[in-house]
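> For reference, the structure I am asking about is given below.
Number of protein chains: 2
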Amino acid sequence: MVNLNLYPQIIQDLLTEIHTRDACGNKNGVESQLIFDTQNHHYLLVDLGWEGKHFTYGTIIHIDIKDNKIWIQRNNTEINLAESLVERGIDKNNIVIGLHSPFMRQFSGYAIN
Amino acid sequence: MVNLNLYPQIIQDLLTEIHTRDACGNKNGVESQLIFDTQNHHYLLVDLGWEGKHFTYGTIIHIDIKDNKIWIQRNNTEINLAESLVERGIDKNNIVIGLHSPFMRQFSGYAIN
Chain F
841 MVNLNLYPQI
851 IQDLLTEIHT
861 RDACGNKNGV
871 ESQLIFDTQN
881 HHYLLVDLGW
891 EGKHFTYGTI
901 IHIDIKDNKI
911 WIQRNNTEIN
921 LAESLVERGI
931 DKNNIVIGLH
941 SPFMRQFSGY
951 AIN
Chain H
841 MVNLNLYPQI
851 IQDLLTEIHT
861 RDACGNKNGV
871 ESQLIFDTQN
881 HHYLLVDLGW
891 EGKHFTYGTI
901 IHIDIKDNKI
911 WIQRNNTEIN
921 LAESLVERGI
931 DKNNIVIGLH
941 SPFMRQFSGY
951 AIN
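In the order they appear, the protein sequences are chains F and H.
The first sequence begins at 841 in my numbering and counts up one residue at a time.
The second sequence begins at 841 in my numbering and counts up one residue at a time.
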């Protein structure tokens, strides 16, 4: 299992890979932003911009670190982020699927909080 | 007019004031997060969390700095962010209301891009 102090870099690497792999850089005016608040540990992937007369705004992924645990707060992809983090050496017990209800989390195999 | 290098702090102060004033710290499990990526200049206020069986996720405010201009990308409040920035000394010509269409921006009195 990797050390806690590597968590921020592992999350940033994962989001950067998803951002690059999905070639979601700039599509017809819609910009894909990697947002890394490394001080308060918020890590986001957000799509926004104008496509003709239509404005798009959507947070695709939002991951936090709170009390030494990784919280998956939003995932608008088909990628299993928790599994991807475990593959990178993060302990299942240090991952909370925040977007699942506290009740559901007990069945996930990950941390409850 | 204030210097460009003060823009990041002015935006952070504004968002921190809104966050504090609206007492949107923690309401029944819903957390209000200030997210400041000071390296890539993305500044957000996001509400998220569980209220009973209901999960809330919403980006309230999103402001960027791009090419020395402030872009208001999202504003889910009744506060006029552009005016608030002007009151703090920011030049109107350095503010883009990104959430208005490029066409509409020419009528706003702010920058087009």
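Glycine included, C-beta positions come from ideal geometry on N, C-alpha and C.
Please list the terminal residues of the continuous beta strand (DSSP E) segment that includes Asp862 of chain F.
No beta strand (DSSP E) contains Asp862 of chain F, which DSSP labels as neither H nor E.
> Ignore the nearest five residues each way along the sequence and tell me which others in Met841 of chain H's own chain have a CB closer than 8 Å to its CB.
Counting only Cβ-Cβ distances below 8 Å, and skipping sequence neighbours, we find Gly929, Ile930, Asp931.
> Looking at the secondary structure, which residues open and close the beta strand (DSSP E) in which Val886 of chain F lies?
Note, Val886 of chain F: beta strand (DSSP E), 882-891.
> Please tell me whether Ser948 of chain F has its Cβ less than 8 Å away from any Cβ of chain H.
Judged by the 8 Å Cβ criterion, Ser948 of chain F is not in contact with chain H.
> Just checking: is the beta-carbon of Pro848 of chain F within a distance shorter than 8 Å of some beta-carbon in chain H?
No, because no Cβ of chain H sits closer than 8 Å to the Cβ of Pro848 of chain F.
> Of all Cβ atoms in chain H, is any one closer than 8 Å to the Cβ of Met914 of chain F?
Checking the sequence shown, residue 914 of chain F turns out to be Arg, not Met. Yes, because at least one Cβ of chain H sits closer than 8 Å to the Cβ of Arg914 of chain F.
> Using three-state DSSP, classify Arg945 of chain H as helix, strand or coil.
Here Arg945 of chain H sits in helix by DSSP.
> Using a beta-carbon distance cut-off of less than 7 Å, what residues from the segment 899-926 of chain F approach chain H?
Listed by position, the residues of the segment 899-926 of chain F near chain H (Cβ gap below 7 Å) are Thr899, Gln913, Arg914.
> With a 10 Å radius around its C-beta and 16 neighbouring C-beta atoms as the bar for buried, classify Leu846 of chain F as buried or exposed.
By the neighbour-count rule (16 or more Cβ atoms within 10 Å), Leu846 of chain F is not buried but exposed.
> Which whole-angstrom value is the C-beta distance of Leu939 of chain F and Ile900 of chain F, which I expect to be below 8 Å?
Contact doesn't hold; Cβ gap of about 13 Å is too wide.
> Please confirm whether Ile952 of chain H has its beta-carbon closer than 8 Å to some beta-carbon of chain F.
Not an interface residue.
> Just to confirm, are His882 of chain F and Asp853 of chain F a CB contact at a threshold of 8 Å?
Not in contact: His882 of chain F and Asp853 of chain F (Cβ atoms no closer than 8 Å).
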